[in-house]
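Numbering (the numbering used here), first residue to last: 14 to 273.
Heads up, the beta-carbon is just placed ideally off N, CA and C, and yes, glycines get one too.
A short worksheet on the structure shown next.
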Amino acid sequence: MPFPQAAREFDRISPEYDATRDPLDPETVRKVSEALREHGVSDLLEVGVGTGRVAAPLLASGVRVTGLDASQGMLSRARAKGIPRLVRGNAYRLPFADRSFDATLFVHVLHVLDEPPVAIAEASRVARRGTFALVRPREGPPDRMREGFSARRIVYRVLREQGYNIPSVGRRGPGAKERELLATYPPDQLVTLTDRTVTEPLARTLDMISRRASRHVLDVPPEALARAIEVARAEVGDRTFTYHRVEALATWVPRAEASV
Ligand SMILES: C[S@@+](CC[C@H](N)C(=O)[O-])C[C@H]1O[C@@H](n2cnc3c(N)ncnc32)[C@H](O)[C@@H]1O
14 MPFPQAAREF DRISPEYDAT RDPLDPETVR KVSEALREHG VSDLLEVGVG
64 TGRVAAPLLA SGVRVTGLDA SQGMLSRARA KGIPRLVRGN AYRLPFADRS
114 FDATLFVHVL HVLDEPPVAI AEASRVARRG TFALVRPREG PPDRMREGFS
164 ARRIVYRVLR EQGYNIPSVG RRGPGAKERE LLATYPPDQL VTLTDRTVTE
214 PLARTLDMIS RRASRHVLDV PPEALARAIE VARAEVGDRT FTYHRVEALA
264 TWVPRAEASV
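What follows is the structure in structure tokens.
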């Protein structure tokens with residue numbers, strides 16, 4: 014997604030973002046913080062910091078975090094959480110000199126970028142010790158993961174039937190774009206942090222979409238959205254979806270260090 018679009022869309026999503034996304038698994042955050050310490054990182058830039066969902070606990074663990082984001086709306090939520098160093102800027106052209114930070118971090122950002130390798134190269138430019146990304150390297154069989162998208166798929170189908178231009182939902186399930194990135198731009202290290210079996214009601218996604226915390230429905234009129242949600246609620250009922258959630262930390266180290 015280009016920078017102006019990210020700014021526009023996440024500004025609109027920001028009021029509902031925290032209420033519709035789970036906080037990160039505390040164990041994952043603890044292990045990210047541990048990994049940063051092991052790499053000697055005390056001064057971190059989080060690219061795509063959003064509402065500070067990750068920056069806030071990292072800051073509390075003693076890391077000096079600077080957060081950068083395209084969206085003022087997301088940044089103002091982060092500011093309200095007491096994160097002092099926040100900058101509006103573009104992941105593709107970071108407003109910092111080479112090697113300004115110990116490290117850079119992406120959390121749940123790479124999948125919204127059109128050119129993740131370009132953003133990683135730019136993040137690597139401003140980092141002395143390396144660039145980290147919290148990624149989902151595998152999540153289970155593709156047919157199971159497709160099930161996780163089924164509520165969303167129904168809403169989008171009903172909206173398309175009414176003539177709205179809504180993209181089709183990925184066939185490969187959530188996380189596929191990140192896995193593609195790991196294959197085409199392999200990290201120097203990929204360490205599993207947490208590995209859990211998670212069960213979620215499918216209707217949870219419908220709550221998120223009905224609150225317009227999903228960028229694909231931002232411009233759909235309220236009546237049309239309500240109708241699509243109603244159809245989807247009737248179809249998914251109280252079905253749940255169980256999947257394997259693996260969170261891993263990918264690390265790209267500066268070239269000189271990688272070859273040592
Ligand atoms: C899905 S949110 C993740 C936010 C946060 N890292 C988290 O895990 O809660 C993606 C964030 O990336 C930001 N973003 C998207 N494209 C960007 C770009 N080109 N430059 C800077 N930020 C961008 C959005 O504004 C949004 O806040």
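- In the three-state scheme derived from DSSP, where H, G and I count as helix and E and B as strand, residue 83 is classed as coil.
- Spatial neighbours of residue 205 in its own chain (CB-CB distance under 7 angstroms, excluding positions within 5 residues in sequence) are listed in chain order as 259 and 261.
- In summary, residue 211 is exposed, with fewer than 16 beta-carbon neighbours lying within 10 Å of its beta-carbon over all protein chains present.
- If only uninterrupted alpha helix (DSSP H) runs of at least 4 residues are considered, those enclosed by the segment 136 to 218 are 155 to 161, 163 to 174 and 189 to 197.
- Here residue 75 is exposed: its Cβ has fewer than 16 other Cβ atoms, across all protein chains shown, within 10 Å.
- In this structure, residue 257 has its beta carbon at no less than 7 angstroms from each heavy atom of ligand 1.
- The Cβ-Cβ distance between residue 112 and residue 92 does not fall below 8 angstroms.
- For the pair residue 16 and residue 83, the CB atoms are nearer than the 8 angstroms cut-off.
- A straight line joining the alpha-carbon of residue 181 with that of residue 218 spans about 16 angstroms.
- With 16 or more neighbouring CB atoms inside 10 Å of its own CB, residue 27 falls in the buried class.
- Distance from the CA of residue 246 to the CA of residue 24, rounded to the nearest whole angstrom, comes to 27 angstroms.
- Rounded to the nearest whole angstrom, the CA to CA distance from residue 65 to residue 244 is 34 angstroms.
- At the C-beta level, residue 234 and residue 194 stay beyond 8 angstroms of one another.
- When beta bridges are read from the DSSP output, residue 263 appears opposite 146 and 203.
- No alpha helix (DSSP H) of 4 residues or more sits fully in the segment 90 to 137.
- Distances from the CB of residue 188 to the heavy atoms of ligand 1 are all 7 angstroms or more.
- DSSP places residue 64 outside both helix and strand once states are collapsed to three, so it counts as coil.
- The C-beta of residue 231 has fewer than 16 other C-beta atoms within 10 Å across all chains shown, which makes the residue exposed.
- Inter-segment contact for the segment 54 to 65 and the segment 88 to 106 is present: three or more beta-carbon pairs are separated by less than 8 angstroms.
- With fewer than 16 other beta carbons inside 10 angstroms of its own, residue 176 counts as exposed.
- Rounded to the nearest angstrom, the gap between the Cα atoms of residue 106 and residue 79 is 16 angstroms.
- Residue environment analysis places residue 200 among the buried positions, since at least 16 neighbouring C-beta atoms fall within 10 angstroms of its C-beta.
- A check of alpha carbon separations from residue 73 across 253, 95 and 179 identifies 95 as the nearest.
- Apart from the 5 residues on each side of it in sequence, residue 248 sits with its Cβ closer than 7 angstroms to the Cβ of 167 in its chain, given in chain order.
- DSSP places residue 78 within a strand segment (E or B) once states are collapsed to three.
- Here the distance from the Cβ of residue 64 to the nearest heavy atom of ligand 1 is below 7 angstroms.
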